[in-house]
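Down below is the structure, laid out as structure tokens.
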Amino acid sequence: MLIIKIVFEKLEIALKSAPSVASRTMADSSPLITEVSDTARWVAAYRAAESARPDALFHDPLADRLAGPRGRAIVGAAPRMMRNGWNLAVRTKLIDDLIAAAVGDGCDRVLNLAAGLDTRPYRLDLSAEFPWIEAELPELVAEKNSLLADEKPRCALTRYAVDLADADARAAFLEEALAGATKALVLTEGLLYYLHEPDVAGLAESLRRPEIGWWVMDVVNSRAMNGMNEHVGELISNAPWHFGPDDPLAYLAERGWQALEVHDQFAAAARLHRLPPSFKPFSDLPRPDPRERVADRLWSAVIRVTH
């Protein structure tokens, strides 16, 4: 265990030492990320880059349009270790697979909360009648509707303009969006770590409804959260990470959510050949058991939980 701990400390040092364009350019220009919504462009740019690879894990032909110049600029300003988007490409692939499995298991709709610029309704293999519901802030919904006005989704897509941080608005949205559902899947991709803990607790409680069968999300522990805020620094100063419990699975279990599947992102990146070269020497080392304490090392995962 000591060897593993030393290895992950070296990974943190590698992240910290990675130079960033942001450190040289942000002082004399307006921030590239002014709010959390701008990170959706960042993620879209990474999806576009992955889609352009000959060995792409998925194909998202709309991603580059949605990312736009700002999304590509954010990628360029990120620390070097992050610029290939390995973790976000892997996250996207893992969630794609979890959704496909859930649909095969009888999922009768997907609710994508804080959907950002996600394009799964346009690229996943879904029936034309399958209900897919997105919820996002009004400004981003309007932008997305405009950018995708000439595109036809593969499923029955509905977008709601709603502030999910408003508990009453969220409750009203869930009541309407879940009407008639018996086995819905809720997706919160790239959302929880931007929330404060009381907001995560409130969301977890609001989703414990009989219509919801699964909740899919990505989670980070406290060490990964602190590392992101420290090493990415000024680039995300307007959208820092707030939520990263020492033990994410235990936190969720205490609120009535039990893990069904846990996919360590580092291990998945190694399996899918997406680790940066400097990380590859560590890929064969044992990963922490997520059902034991993971607070003493960097840890992030894509998980599927139920209540």
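Counting in the numbering used here, the sequence shown runs from 106 upward without gaps.
Glycine residues also receive a C-beta, built at the ideal position from the N, C-alpha and C atoms.
Next on the checklist: Count Cβ pairs between the region 262 to 273 and the region 238 to 249 that sit closer than 8 Å; are there 3 or more?
Outcome noted: Short answer: they touch.
Item to check | Close beta carbons around Arg-177, own chain, < 6 Å, minus the five adjacent residues each side | outcome: Excluding sequence neighbours, Arg-177 sits near Ala-150.
Checklist entry - Name the DSSP bridge partner or partners of Met-322? => result In the DSSP assignment, the residues bridged to Met-322 are Thr-293, Ile-408.
Checklist entry - Just how far apart, CA to CA, sit Asn-250 and Lys-257? => result For Asn-250 and Lys-257, the distance between alpha carbons rounds to 11 Å.
Checklist entry - Taking only runs of the alpha helix (DSSP H) that begin and end inside the region 323 to 356, which ones reach a length of at least 4 residues, in chain order? => result List check, alpha helix (DSSP H) in window: 327 to 337.
Checklist entry - Going by the CB atoms, is the gap between Leu-292 and Val-215 shorter than 8 Å? => result Taking 8 Å as the Cβ cut-off, Val-215 and Leu-292 qualify as a contacting pair.
Checklist entry - Just curious, the alpha helix (DSSP H) that Ala-206 is in, first and last residue? => result Note, Ala-206: alpha helix (DSSP H), 191 to 209.
Next on the checklist: So, with DSSP's three-state summary, where would you put Leu-231?
Outcome noted: Shown here, Leu-231 sits in coil according to DSSP, grouped into three states, outside any helix or strand.
Checklist entry - What residues match up with Arg-185 in a beta bridge as DSSP calls it? => result Its beta-bridge partners do not exist; DSSP assigns none.
Checklist entry - How do the region 403 to 412 and the region 364 to 380 stand: do at least 3 beta-carbon pairs fall below 8 Å, yes or no? => result Yes, they touch.
Item to check | Residue interval of the beta strand (DSSP E) (run including Trp-237) | outcome: Taken as a continuous stretch (DSSP letters only), the beta strand (DSSP E) holding Trp-237 covers 236 to 241.
Next on the checklist: Let me make sure I understand the geometry here. Which of Asp-304, Gly-211, Arg-158, Ser-342 has the alpha-carbon closest to that of Arg-275?
Outcome noted: Closest by alpha carbon: Asp-304.
Item to check | Residues sharing a beta bridge with Ile-317, DSSP | outcome: Note: Ile-317 sits in a beta bridge opposite Ala-289.
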